[in-house]
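Scroll down for the structure; my scribbles are underneath it.
4 protein chains.
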Amino acid sequence: MIESESQIRVRYVETDAMGIVHHSNFVNWLELARIEMMDNIGLPYVELEKQDALMPVLEVYIKFLSPAYFDDRITIKLFVPECPNARCIVEYKIFRGTTLLAEAKTLHAFINRKGRPIKPPSIFLETMKSFF
Amino acid sequence: MIESESQIRVRYVETDAMGIVHHSNFVNWLELARIEMMDNIGLPYVELEKQDALMPVLEVYIKFLSPAYFDDRITIKLFVPECPNARCIVEYKIFRGTTLLAEAKTLHAFINRKGRPIKPPSIFLETMKSFF
Amino acid sequence: MIESESQIRVRYVETDAMGIVHHSNFVNWLELARIEMMDNIGLPYVELEKQDALMPVLEVYIKFLSPAYFDDRITIKLFVPECPNARCIVEYKIFRGTTLLAEAKTLHAFINRKGRPIKPPSIFLETMKSFF
Amino acid sequence: MIESESQIRVRYVETDAMGIVHHSNFVNWLELARIEMMDNIGLPYVELEKQDALMPVLEVYIKFLSPAYFDDRITIKLFVPECPNARCIVEYKIFRGTTLLAEAKTLHAFINRKGRPIKPPSIFLETMKSFF
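Chains as they are written, first to last, in numbering that gives the first Met the number 0: chain S, 0 to 131; chain R, 0 to 131; chain U, 0 to 131; chain L, 0 to 131.
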């Protein structure tokens with residue numbers, strides 16, 4: 000299994016008139032956690048893009064359990080539960096301290112810059128395999 | 000069943016370096032569609048907020064089928080499939096013309112400004128009942 | 000002089016924990032107003048982009064006079080005070096009803112997709128000239 | 000003079016279809032730099048808000064010199080050029096490495112949660128004075 004952990008601090012612009020973080024920002028935090036996971040496994044996302052391999056989000060699911068607030072220090076725990084092949088599942092737990100704020104799941108595949116589905120780059124598959 | 004339809008035009012700021020709309024914006028489009036649905040049933044969301052009844056998102060799920068681009072005219076078809084009680088399910092289909100771009104589902108409940116769960120305001124339940 | 004007017008409705012996601020619209024959204028409203036101005040003069044921005052002519056923002060200035068709130072109906076009055084040549088100045092007044100919320104000014108030039116400065120497309124200059 | 004330095008890494012969501020960072024995000028980076036400056040001088044912004052003292056942006060000016068890209072490591076150098084009294088001027092230089100990407104300036108005052116102008120809290124004035 001791949002595990003990765005990211006830290007963020009809530010920005011003022013991420014809050015809304017309920018006084019809490021607007022839920023759409025959690026989607027961006029998941030993205031940030033994926034980028035840092037790929038750094039951590041030695042496969043920076045920018046390198047994949049240079050090989051004309053983009054990794055769009057096919058599905059996103061988030062369950063919100065407790066609100067986040069301005070200036071909160073947030074930990075995003077990311078898991079890749081199974082070795083990705085054509086499709087890649089990523090799971091997340093978002094915490095402030097020990098408080099679980101949200102659970103999430105995303106599904107990904109590869110496309111090229113023209114938007115056509117492509118096979119995952121071999122460097123991606125090989126790197127991923129080494130973790131399972 | 001409640002049905003509602005919203006029109007939006009993609010803003011440049013909503014695009015990303017893949018040349019398409021960044022997926023997090025779909026979350027905001029769902030919100031906009033809910034606000035307009037509530038206008039359409041005669042229960043503007045601002046009125047609920049004045050009664051200290053907020054309607055946060057508990058869960059969001061989006062399945063992305065086809066990308067949206069800058070300047071696209073987007074139609075969001077919203078459905079409330081069953082009469083909401085303590086919880087409210089909302090479903091969405093997002094189109095550009097006849098092309099289905101995404102399907103989505105959100106779950107909501109009511110809280111007050113202090114973040115405490117509350118019963119749905121009676122005006123909300125009565126209005127909703129009249130549609131089922 | 001070119002004049003154009005755009006209408007928007009404040010989205011919930013545009014608010015912040017002060018209970019008002021976060022100031023960064025005004026920057027996006029200016030952009031939206033420019034896009035609609037270009038439609039109005041018969042020169043849609045997407046058409047310019049197809050000719051490999053992009054119009055980035057070189058400078059932006061905004062003076063905030065009064066806050067905007069969720070669900071506000073906002074009018075953006077846009078002016079092009081002088082005939083643009085290599086550079087294009089755009090001015091804005093942002094209102095809710097008769098209340099002036101902000102005044103703004105942006106400066107633009109043309110670049111191509113590689114980021115190189117280019118001359119304005121002749122269709123842009125000719126169209127603009129016809130208004131002065 | 001007060002000086003402060005903040006580091007950020009460009010998020011994918013901050014890019015646009017030109018392949019660069021959308022200019023509106025620079026406004027948010029300025030905010031983030033102000034928050035960190037206030038931490039650095041021992042006066043966290045959240046503490047001011049607890050005293051019912053908010054510090055909205057009255058004016059913002061940004062001059063864009065060179066684009067930022069996804070994954071760039073950005074340094075924001077912030078300066079408070081003169082001791083703030085009722086109004087507070089903040090200046091910024093935004094770099095990627097040694098490349099100056101933008102220069103900016105914001106103007107601030109204090110209001111309370113009801114939106115009324117207030118005097119700066121004495122703790123703010125005293126702390127600021129100690130730096131000039």
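Each residue gets a CB set at the ideal place from its N, CA and C atoms; glycine is no exception.
{"query": "Contact set for U:VAL9: own chain, Cβ-Cβ below 7 Å, skip 5 residues either direction", "result": "VAL20, ALA67, TYR68, PHE69, ASP70, ASP71 and ILE73"}
{"query": "Start and end residues, beta strand (DSSP E) containing U:SER129", "result": "Looking at the DSSP string, U:SER129 is not in any beta strand (DSSP E), and its letter there is neither H nor E."}
{"query": "C-alpha gap between R:PHE94 and S:GLY114, whole angstroms", "result": "18 Å"}
{"query": "CB contact check: U:SER23 to chain S, cutoff 7 Å", "result": "yes"}
{"query": "Alpha-carbon spacing of R:ILE75 relative to L:PHE63, whole angstroms", "result": "36 Å"}
{"query": "Below-7 Å beta-carbon distance, U:ARG86 vs any chain R residue", "result": "no"}
{"query": "Within-7 Å CB hit, R:THR97 to chain L", "result": "no"}
{"query": "7 Å Cβ cutoff, U:ARG115 in contact with chain R", "result": "no"}
{"query": "Cutoff 7 Å: L:TYR60 Cβ touching any chain U Cβ", "result": "yes"}
{"query": "DSSP state of R:TYR91 mapped onto helix, strand, coil", "result": "strand"}
{"query": "CB contact check: R:PHE130 to chain S, cutoff 7 Å", "result": "no"}
{"query": "Rounded separation between U:GLU46 and R:GLU48 - CA only", "result": "42 Å"}
{"query": "Closest by C-alpha distance to R:THR14, when choosing among R:THR98, R:GLU4, R:PHE25 and R:GLN6", "result": "R:PHE25"}
{"query": "S:TYR91 versus L:GLU102 - alpha carbon distance", "result": "37 Å"}
{"query": "Reference U:GLN6, options U:ILE34, U:ALA16 and U:GLU81, closest by Cα", "result": "U:ILE34"}
{"query": "Buried versus exposed, by CB contacts within 10 Å (16 or more), U:MET132", "result": "No statement about residue 132 of chain U is possible, as the shown extent of chain U runs from 0 to 131 and does not include it."}
{"query": "R:ALA32 - DSSP class collapsed to helix/strand/coil", "result": "helix"}
{"query": "Chain-ordered chain S contacts of L:ASN27 [CB-CB under 7 Å]", "result": "ARG10 and VAL12"}
{"query": "Distance between R:HIS107 and R:ILE88 (C-alpha atoms, nearest Å)", "result": "6 Å"}
{"query": "Buried versus exposed, by CB contacts within 10 Å (16 or more), L:GLU81", "result": "exposed"}
{"query": "R:LYS49 in three-state terms, based on DSSP", "result": "helix"}
{"query": "Buried versus exposed call for S:SER3 [16 or more other C-beta atoms within 10 Å across all chains shown]", "result": "buried"}
{"query": "Interfacial residues, the segment 32-57 of chain L to chain U, with Cβ spacing under 8 Å", "result": "LEU53, PRO55, VAL56 and LEU57"}
{"query": "R:ASN84, buried or exposed, once every other Cβ within 10 Å from all chains shown has been counted against 16", "result": "exposed"}
{"query": "Local conformation of R:TYR60 per DSSP, three classes", "result": "strand"}
{"query": "Spatially closest choice to L:THR105 from L:MET17, L:VAL12 and L:ALA32, by CA coordinates", "result": "L:ALA32"}
{"query": "CA nearest to the CA of R:SER65, picked from S:ILE61, S:PRO55 and S:TYR60", "result": "S:PRO55"}
{"query": "Minimum Cβ-Cβ distance from L:GLU90 to chain S less than 7 Å", "result": "no"}
{"query": "Same chain, Cβ closer than 7 Å to L:ILE40, neighbours up to 5 away in sequence not counted", "result": "ILE1, THR126 and PHE130"}
{"query": "Host beta strand (DSSP E) of R:SER5 (start-end)", "result": "1-8"}
{"query": "Whole-angstrom C-beta distance between R:LEU53 and R:ASN111, which should lie under 8 Å", "result": "7 Å"}
{"query": "Amino acids of chain U, ordered along the chain, whose beta-carbon sits closer than 7 Å to that of R:ASP70", "result": "VAL45"}
{"query": "Opening and closing residue of the beta strand (DSSP E) in which R:VAL79 lies", "result": "72-79"}
{"query": "Beta-carbon neighbours of S:GLU30, restricted to chain L and to distances below 9 Å", "result": "ARG10, TYR11 and VAL12"}
{"query": "Beta-bridge pairing of R:HIS107 - partner residues as DSSP gives them", "result": "R:VAL56 and R:CYS87"}
{"query": "Buried or exposed by the 16-neighbour rule on C-beta atoms within 10 Å, applied to R:SER23", "result": "buried"}
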